[in-house]
Amino acid sequence: MKQAISSSAALAVTVSGAVAATVALLYTRRQVKKQEAIISKLEETRQAERTGRIRAEMKLRTHLKSQEINKAADTSDQSDDSTNEHNHLQLQCIGKIVSPYTKRMGTPRQGALVPTGKGYVQLEIPIECVEGLELYSHAWVLFSFHANTDMPTAKADRGFKNLTKTKIRPPRGNGIKVGMLATRSPHRPNNIGLSLVKIVGVDKKGKRLHIAALDLVNGTPVYDIKPVVPWDEPGHFDGEKLKVPTWVSQDDELKSVEFSSAAREQMVKLVKDGKLTPAYNKKDGLNDAMKTIQEILAQDPRSSNTNTNKRGSESASKVYS
471 MKQAISSSAA LAVTVSGAVA ATVALLYTRR QVKKQEAIIS KLEETRQAER
521 TGRIRAEMKL RTHLKSQEIN KAADTSDQSD DSTNEHNHLQ LQCIGKIVSP
571 YTKRMGTPRQ GALVPTGKGY VQLEIPIECV EGLELYSHAW VLFSFHANTD
621 MPTAKADRGF KNLTKTKIRP PRGNGIKVGM LATRSPHRPN NIGLSLVKIV
671 GVDKKGKRLH IAALDLVNGT PVYDIKPVVP WDEPGHFDGE KLKVPTWVSQ
721 DDELKSVEFS SAAREQMVKL VKDGKLTPAY NKKDGLNDAM KTIQEILAQD
771 PRSSNTNTNK RGSESASKVY S
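Residue numbers (my numbering): 471 to 791.
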């Protein structure tokens with residue numbers, strides 16, 4: 471009698487497990503269809519409206535990630551192939567950049583070109599994770615180009631076989647075309663960036679890593695931070711010098727950038743009202759803030775897709791005087 475009861479209980483557990491698995495599978499498939507409908511609607515919105523394009527792209531990217539997760543859950547019990555596990559990487563944001571650069575235009579193309587630029591990483595992980603980082607002078611920041619308005623043309627299930635745009639015209643390349651991976655362009659197969667920054671200090675109470683000489687847009691998601699060590703420097707062992715194309719090494723910086731009286735008065739008011747804190751404080755932030763702006767404008771951040779913009783020319787220098 472006891473054996474019969476035990477068998478019935480085992481059968482009930484098995485049936486319950488099968489029912490639960492079926493319900494979970496149906497729910498997952500329903501979620502996939504729901505995500506596909508949302509994605510289709512967002513695609514139409516992206517084609518119909520240019521205004522708010524960045525926001526639509528960010529929402530679309532979020533739903534695409536959700537769809538991939540749901541599809542993976544739907545097919546995990548149907549295949550033992552581990553290829554996708556190695557070909558796809560999911561990252562979690564460990565912090566976000568707070569910087570004076572609110573838009574892509576005007577953000578330095580390289581942080582070292584604007585050494586007085588200041589900002590910080592607002593950490594979303596325990597502050598103990600960066601303990602000891604203040605002993606280094608510089609760090610590598612791994613981040614995402616979150617402000618990109620173009621979506622990758624590659625499909626997750628087909629890799630990059632249909633990647634159509636493979637070459638670009640660098641802003642300072644005088645019209646030449648090179649492979650996208652031969653540039654520092656934010657438009658890449660994967661929108662991942664690597665930036666070299668100067669470490670200023672660690673604010674334990676505010677959970678902030680203060681940095682300088684940055685080229686990161688405000689709100690940029692950060693995925694990893696690594697200290698720079700001597701072995702990162704090219705030629706450390708063999709003495710071989712760093713090699714770059716001539717269009718990269720050419721000096722087209724503007725000779726001078728001057729503030730008008732009205733612009734100077736506006737800067738004084740911004741600093742006095744605390745609009746630029748904490749990067750530029752009320753006490754001595756005015757000179758630093760003005761120096762940062764001069765360094766940015768000296769690189770002539772205007773679009774190079776116009777005939778009127780000749781980088782480094784006398785006509786260009788008059789724009790900011």
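Note that CB positions come from ideal geometry on N, CA and C, so glycine has one too. Only a predicted model underlies this, so the values are computations on that prediction, with no experimental measurement involved.
Counting only the same chain and skipping the five closest in sequence on each side, list residues whose C-beta sits under 6 Å from that of residue i.
i: PHE615; result: PRO656, ASN661 and GLY663
i: LYS565; result: Sequence check: residue 565 is Gly here, not Lys. Hits under 6 Å: VAL591, GLN592, LEU593, GLU594 and VAL692.
i: ASP550; result: Low per-residue confidence applies at ASP550: pLDDT is 48, beneath 50, and the placement is therefore not dependable enough to give any value.
i: GLN769; result: LEU583
Rounding to the nearest angstrom, what Cα-Cα distance links residue i and residue j in this structure?
i: ALA582; j: ARG500; result: 50 Å
i: TYR724; j: GLU765; result: The sequence as given places Leu at residue 724; Tyr does not occur at that position. Answer to the nearest angstrom: the Cα atoms are 9 Å apart.
i: ASP694; j: ASP702; result: 17 Å
i: ASP722; j: LYS761; result: 19 Å
i: LYS647; j: PRO704; result: 26 Å
i: HIS533; j: LYS573; result: 24 Å
i: TYR750; j: ASP758; result: 7 Å
i: ASP754; j: GLY587; result: 14 Å
i: PHE613; j: ALA494; result: 35 Å
i: SER731; j: LEU767; result: 17 Å
i: SER546; j: VAL502; result: The pLDDT assigned to SER546 is 49, lower than 50, so where the model puts this residue is not dependable; a value taken from the coordinates is nonetheless given after this. Cα-Cα distance, rounded: 14 Å.
i: SER719; j: LEU712; result: 11 Å
i: LYS752; j: ILE509; result: 47 Å
i: GLY645; j: ASP743; result: 44 Å
i: PHE729; j: LYS739; result: 14 Å
Going by DSSP in three states, residue i sits in which element: helix, strand or coil?
i: ASN702; result: Note that residue 702 is Asp in the sequence shown here, rather than Asn. ASP702 falls in the helix class under three-state DSSP.
i: ASP627; result: Confidence is the limiting factor: at ASP627 the pLDDT is only 49, short of 50, which leaves the residue's position unreliable, though a coordinate-based value still follows. Three-state result, ASP627: coil.
i: ARG642; result: coil
i: SER546; result: Low confidence applies here, because SER546 scores a pLDDT of 49, under 50, leaving its location unreliable and the question unanswered by this model.
i: SER655; result: coil
i: HIS616; result: coil
i: ALA749; result: coil
i: LEU740; result: helix
i: ILE597; result: helix
i: LYS637; result: strand
i: SER510; result: helix
i: GLY671; result: strand
i: LYS647; result: coil
i: GLN560; result: coil
Pop quiz: residue i and residue j are said to be a contact at Cβ under 8 Å. What is the actual Cβ separation, rounded to whole angstroms?
i: THR619; j: VAL687; result: 13 Å between Cβ atoms; not a contact.
i: ALA609; j: LYS696; result: 6 Å
i: TRP717; j: GLY643; result: 5 Å
i: SER569; j: LEU756; result: SER569 to LEU756, Cβ: 18 Å. No contact.
i: THR690; j: ILE597; result: At roughly 20 Å, the Cβ-Cβ gap does not stay under 8 Å, so THR690 and ILE597 are not in contact.
i: ARG654; j: ARG579; result: 7 Å
Around the C-beta of residue i, are 16 or more other C-beta atoms found within 10 angstroms, so that it is buried, or is it exposed?
i: MET528; result: exposed
i: VAL571; result: The sequence shown places Tyr at residue 571, not Val. With 16 or more Cβ atoms within 10 Å of its Cβ, TYR571 is classed as buried.
i: VAL714; result: exposed
i: ARG678; result: buried
i: ALA733; result: exposed
i: SER665; result: buried
i: MET575; result: exposed
i: LEU746; result: buried
By Cβ distance, which residues of its chain are closer than 8 Å to residue i, with the 5 residues on each side in sequence left out?
i: PRO700; result: HIS706
i: ARG658; result: PHE615, MET650 and LEU651
i: PRO585; result: LYS668, ALA682, ALA683 and GLU765
Enumerate in chain order the residues of its own chain whose CB-to-CB distance from residue i is below 7 Å, with the five nearest sequence positions on each side excluded.
i: ILE681; result: GLY589, TYR590, VAL591, VAL667, LYS668, ILE669 and VAL670
i: TYR606; result: ILE669, PRO697 and VAL698
Determine, using beta carbons only, whether residue i comes closer than 9 Å to chain C.
i: ILE763; result: No chain C appears in the structure shown, which is made up of a single protein chain.
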